[in-house]
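Remarks on the structure that follows.
Chains as they are written, first to last, in my numbering: chain V, 6 to 120; chain W, 186 to 295.
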């Protein structure tokens, strides 16, 4: 029963490096989301997708890109990492839009440090 | 003013006690409300949705007060396993947007 799987779980990057975070879900959900969580702040939506081949900007999209080439996968890319992107990143998926009351299922998170 | 505000705590509560905490929200037009639970260094998980009439799930009761724009969570007969951070979540302007509070940390002591 995998649910939502994120890789990697931990990563340290140097400023200016790039990386891709992978999110995979096996629940056939249409909606997928990328959040970041910082100390003292609520989760903030980076990008989201309402279906295969679609993406949209969330609250804090700058410095990130995403792709949803397959329904089960949602990739988050950092083209040129900055220390301000040090955070815990969560991927989530849901059957319907989160705001409709559909539960969002989260991956275990990726702890990213940019030095 | 933050869109969703919570007392960060921690609330230190003896096992078996009743504990309650509130969350205030700024958008009076918000339609959907939720409580999520997050264990230390783990992912958030839905605890319960909050309905206009209030709802109860075992030892947990959630209430909505639209006039004062807050939701509450009451935990009765608290267990050690209730120790976690409780996240208040409010629907934003669209079906895809949720506004998350920073959480209230609860510590249940034996």
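We treat Cβ as the ideally placed atom computed from N, Cα and C, and that holds for glycine.
Starting from residue i, trace the beta strand (DSSP E) in both directions and tell me its first and last residue.
i	result
residue 12/V	9-12
residue 273/W	269-276
residue 238/W	Per DSSP, residue 238/W belongs to no beta strand (DSSP E) and is neither H nor E.
residue 225/W	From DSSP, residue 225/W is part of no beta strand (DSSP E); its letter is neither H nor E.
Excluding sequence positions up to five away, which residues of its chain have a Cβ less than 7 Å from the Cβ of residue i?
i	result
residue 57/V	73, 75, 76
residue 21/V	85, 86
residue 113/V	11, 14
Output, in chain order, the set of chain W residues within a Cβ distance shorter than 9 Å of residue i.
i	result
residue 103/V	217, 219, 274, 276, 280, 281, 282, 283
If we count the other Cβ atoms within 10 Å of its Cβ and call it buried at 16 or more, is residue i buried or exposed?
i	result
residue 228/W	buried
residue 226/W	exposed
residue 53/V	buried
residue 268/W	buried
residue 288/W	buried
residue 215/W	buried
residue 221/W	buried
Keeping to the same chain, check which residues put their C-beta closer than 8 Å to that of residue i; ignore five residues upstream and five downstream.
i	result
residue 283/W	219, 274, 275, 276, 277
residue 239/W	246, 247, 248, 249
Let me check one thing: in DSSP terms, what residues is residue i bridge-paired to?
i	result
residue 83/V	24/V, 69/V
residue 77/V	DSSP output for residue 77/V lists no bridge partner at all.
residue 233/W	220/W
residue 52/V	39/V, 62/V
Using a Cβ-Cβ cutoff of less than 6 Å, which residues in the same chain neighbour residue i once the five nearest sequence positions on both sides are dropped?
i	result
residue 103/V	109
residue 55/V	36
residue 32/V	none
Could you work out which residues of chain W lie near residue i, taking near to mean beta carbons separated by less than 8 Å?
i	result
residue 55/V	281
Mind listing the chain V neighbours of residue i? Cutoff is C-beta to C-beta under 9 Å, in chain order.
i	result
residue 231/W	108, 109, 110
Starting from residue i, find everything on chain W with Cβ-Cβ shorter than 7 Å and list it in chain order.
i	result
residue 30/V	Neighbours of residue 30/V on chain W: none; closest Cβ ~13 Å, over 7 Å.
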